[in-house]
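For the sequence shown, the tail end lands on 394 under numbering that gives the first Met the number 0, and the numbers increase by one without skipping.
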Amino acid sequence: MNAPESTYTQVAWPAKVNEIPKDIFDREDVYQLELEKIFYGPEWHAVAHAGEIPNPGDFKTINVGERPILVVRGDDGEIRTFYNACSHRGNLLETRVTGNAAEFECPYHRWLFDTRGALRGAPGDEDFSPSFCKEEMGVPTIRSTEYLGLIFVTCSDKTPDIETYLGRTKDALAITLNGDGRLKLLGYQKVLYDVNWKAYADNDGYHAPLLHAAFKLLNWQGGEGEQYGTENGHIGFESELKVPEDTGFLNDPSLLHFKGTESSKGSAIASIFPVTVITKHMDMINIRFAFPRGVGSTEVHYGYFAHVDDDEEMVRHRIRQSSNMLGPTGLVSMEDASIFSRIHRGNHTPGNVAFQKGVKHEDRIWYDFKQNDEAGNLPRWEHYRKSMGFNREEA
Ligand code: FES
Ligand SMILES: [Fe+2]
Numbered sequence: 000m001n002a003p004e005s006t007y008t009q010v011a012w013p014a015k016v017n018e019i020p021k022d023i024f025d026r027e028d029v030y031q032l033e034l035e036k037i038f039y040g041p042e043w044h045a046v047a048h049a050g051e052i053p054n055p056g057d058f059k060t061i062n063v064g065e066r067p068i069l070v071v072r073g074d075d076g077e078i079r080t081f082y083n084a085c086s087h088r089g090n091l092l093e094t095r096v097t098g099n100a101a102e103f104e105c106p107y108h109r110w111l112f113d114t115r116g117a118l119r120g121a122p123g124d125e126d127f128s129p130s131f132c133k134e135e136m137g138v139p140t141i142r143s144t145e146y147l148g149l150i151f152v153t154c155s156d157k158t159p160d161i162e163t164y165l166g167r168t169k170d171a172l173a174i175t176l177n178g179d180g181r182l183k184l185l186g187y188q189k190v191l192y193d194v195n196w197k198a199y200a201d202n203d204g205y206h207a208p209l210l211h212a213a214f215k216l217l218n219w220q221g222g223e224g225e226q227y228g229t230e231n232g233h234i235g236f237e238s239e240l241k242v243p244e245d246t247g248f249l250n251d252p253s254l255l256h257f258k259g260t261e262s263s264k265g266s267a268i269a270s271i272f273p274v275t276v277i278t279k280h281m282d283m284i285n286i287r288f289a290f291p292r293g294v295g296s297t298e299v300h301y302g303y304f305a306h307v308d309d310d311e312e313m314v315r316h317r318i319r320q321s322s323n324m325l326g327p328t329g330l331v332s333m334e335d336a337s338i339f340s341r342i343h344r345g346n347h348t349p350g351n352v353a354f355q356k357g358v359k360h361e362d363r364i365w366y367d368f369k370q371n372d373e374a375g376n377l378p379r380w381e382h383y384r385k386s387m388g389f390n391r392e393e394a
């Protein structure tokens, strides 16, 4: 029998709102509880954008926590979401990450499903149990919703509707998805970071100009902007991004030109709890689908997009900008990978970490921040703590 929750998930959570206990980044029992309370709890998880699967039969696979998910555009054009498991004995139905299929055949006993998830045939079904009903044996579905083309799923029937759930971050999301969310996929960069998912998601506004050498080399500078949190752990960031004057660092400074974006809306981030990050910097539209691979590993699929109305030149510009600037090898982000693995190793030490930049209060949470405040992450930590049922120690 499993131990009662309370006997194995005690965490000494500090009294100050800007302090986080380090042991939550490497404890297996905490990770198992996160799967239950967060990944399979009342949260929406972005698993796809409609622009990734534009044609009938297009599909992608991904995880929510450790549960495999299959997203398919059916032969009728409708997008449906399933658990990626055969309805017979639970074999993983599709192993490819993306593709196009006319049907899905499970290799174990050759049950065959159509692109709408219905069971079309099962060998030897004349000998099946008396209550077997083919119509009820489709691929198991998972609750889903769509917002600006983003497909979200949730394992819980208690999760509120998506607009309520996103709250104020709808504003940042609209900017990042180029207004109307009518996107087409340019390609992916996929990476496995040696870091707990929470430290990956804890990337902050304070570090960017300090860690990333290219900020200086390119004269990459923000301007007017704001950062805001929501009670349920999301973060929105909207800022001007000044067109950098040529510093001579690039052979071709046109890499940094704004072609389809106002400089005043040059930088936006929607960070949706627990682990989805959607960004638009300059003309780069980037959705980062992520999921934990155990307590010390996080898989991230950086999806890059263009707008469906872009001409060929604009598409080429977005590809050049995206592949040079962002992702695990991007000029303004490449150092993050080494920090992720270093912070994971460093966090295997006792005690708490303390956020400092932008911390106005130590005894309560607030929601408006300056762009470079690391304190912008505190509302999401508060939502995490409450979701997990961890109590603060007395001050
Ligand atoms: S597990 Fe899929 S056909 Fe048996
Ligand atoms: Fe970074």
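Every residue, glycine too, gets a C-beta built ideally from N, C-alpha and C.
Query, Result
"Cβ neighbour criterion (16 or more within 10 Å) applied to H256", "exposed"
"Local Cβ density within 10 Å of W380, reported as buried at 16 or more and exposed below that", "buried"
"Alpha carbon of H206 to alpha carbon of W110, nearest angstrom", "51 Å"
"Option in V96, C132 and T60 with minimal Cα separation from H87", "C132"
"C-beta neighbour in chain D for G232, strict 9 Å", "Note that chain D does not occur in the displayed structure, where there is just one protein chain."
"Straight-line Cα distance separating V276 from I141", "22 Å"
"Burial state of T260 (16 or more Cβ within 10 Å)", "buried"
"Cross-strand partners of L191 (DSSP beta bridge)", "E298"
"Terminal residues of the alpha helix (DSSP H) in which M387 lies", "L377 to M387"
"Near ligand 2: S332 beta-carbon under 8 Å from a heavy atom", "yes"
"Same chain, Cβ closer than 8 Å to P106, five either side skipped, listed in chain order", "N90"
"Extent of the continuous beta strand (DSSP E) to which Q226 belongs", "Q220 to G228"
"Cα-Cα separation, D160 to P349", "40 Å"
"Segments of 3+ residues assigned as beta strand (DSSP E) that fall wholly inside the stretch 134 to 208", "142 to 146, 149 to 153 and 182 to 192"
"beta-carbon L240 near ligand 2 non-hydrogen atom, thresh 8 Å", "no"
"CB of E151 within 9 Å of CB of W43, strictly", "Correcting the residue type first, residue 151 is Phe in the shown sequence and not Glu. In this structure, W43 lies closer than 9 Å to F151 by Cβ."
"According to DSSP, residues forming a beta bridge with R287", "V276 and Y301"
"Within 5 Å of ligand 1: residues by beta-carbon to any heavy atom", "C85, H87, R88, N90, C105, Y107, H108 and W110"
"Span separating the alpha-carbon of K385 from that of N195", "19 Å"
"Reference P378; option with closest CA among N231, G265 and P327", "N231"
"Backbone CA spacing between Y82 and I271 [nearest angstrom]", "22 Å"
"Nearest to S266 (by Cα), restricted to the options S253, A374, W219 and Y303", "W219"
"Given 8 Å, three or more beta-carbon pairs between the stretch 314 to 334 and the stretch 156 to 175", "no"
"Closest Cα partner of R181 within the set V274, G166, R115 and I284", "I284"
"Nearest to Q31 (by Cα), restricted to the options E65, D335 and H382", "E65"
"Heavy atom of ligand 2 within 8 Å of N202 beta-carbon", "yes"
"Which of helix, strand or coil DSSP assigns to E237", "strand"
"Counterpart residues of G98 in DSSP-defined beta bridges", "F58"
"Whether Y192 touches V299 by CB criterion (9 Å)", "yes"
"Limits of the beta strand (DSSP E) - the one that L69 falls within", "R66 to R72"
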